[in-house]
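Asks: Residue 3 is where the sequence shown starts when you use this note's numbering, and the numbers rise one by one after that.
Where is the CB? At the ideal position from N, CA and C, for every residue including glycine.
Structure provided below as structure tokens; questions to follow.
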Amino acid sequence: MHDPFVLAGKTYTSRLIVGTGKYRDFEETKQAVQISGAEIVTVAVRRVNITDPNAPNLLDFLDPKRFTILPNTAGCYTAEDAVRTCRLARDAGVGNLVKLEVIGDERTLFPDVPATLEAAKKLIADGFQVLPYVTDDPVTCKRLEEMGCAAVMPLAAPIGSGLGIRNPYNLRIILEHAKVPVIVDAGVGTASDAAAALELGCDAVLMNTAIAGATDPLLMAEAMRLGVEAGRKAFRAGRIARKLYATASSPLSGLIE
């Protein structure tokens, strides 16, 4: 089935976006990304080298001609730091598509919503295509969309928690009103979580720890690819309605007496 995922004007076949942190080395990162089938790869500019040509560089392992490199502002706690980090990545030749992340609390890693809105406004005015990591709040997601963000990225659960989707009802409201892609970001733990996000109708899912932190990251990368594919197909197929009582699978008429 032809079912493209369009983000910021570019078409992709995979709806899985993967991060590049927490792997043993760049070689394992490369293998996991390839097995996952992801075409968009996010990189924490402040933690993984993509700007210094004199140090081991992730881009030597992940060809920017093959993958869309999505710089992110992980580790930024102010709007100013986030904007500066995005500009640094653009100056390094990565491009204008960025994942905006402004953390408001060190323990939970929940986003600072006012700072995220402030940074998004500045980045959009500066020509960036912004994908903001944000709480699963329908009002905030709508504000970011109206501001001009290329997508909204509500969390499923705290970053790295592996808890899966904690509030599917908020996600359903976000999906009902969104006119830009909705990408679940943070909190996925296993393939069934990824499938659940796609079954709800989310356009894509982004993850890092769920793969990199698994006992076998390469096998989990494959599982996540299959989970995303299954979830999307289930959404398109249209699930049966939930009922309190049973419904016979076979016709009740014409029974043999």
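1) Taking residue 172 as the reference, which of 162, 183, 163 and 157 has the closest Cα?
2) Let me check understanding here. Comparing Cα to Cα, which of 18, 16, 34 and 17 lies closest to residue 24?
3) Among 71, 149, 176 and 193, which has the Cα closest to the Cα of residue 233?
4) Quick check for students: name the residue ranges of the alpha helix (DSSP H) that lie wholly in the segment 126-195, counting only runs of 4 or more.
5) Assign residue 73 to one of two classes, buried (16 or more other C-beta atoms within 10 Å of its C-beta) or exposed (fewer than that).
6) For residue 46, which residues from the same chain have a beta carbon less than 7 Å from its beta carbon, with the 5 sequence-adjacent residues on both sides left out?
7) If you run the structure through DSSP and keep just helix, strand and coil, what is residue 71?
8) Give the DSSP-derived three-state secondary structure of residue 6 in the structure shown.
9) What would DSSP say about residue 207, mapped onto helix, strand or coil?
10) So residue 228 is in the alpha helix (DSSP H); what residue range does that whole segment cover?
11) Which residues does DSSP pair with residue 45 in a beta bridge?
12) Within the same chain, show all residues whose beta-carbon is closer than 6 Å to that of residue 142, passing over the 5 residues directly before and after it, in chain order.
13) On a Cα-Cα basis, can you pick out the residue from 119, 80 and 127 that is closest to residue 98?
Replies: Considering the structure as presented:
1) 157
2) 34
3) 193
4) 140-149 and 170-179
5) buried
6) 23, 74, 76 and 77
7) strand
8) coil
9) strand
10) 219-239
11) 73
12) 115 and 136
13) 127
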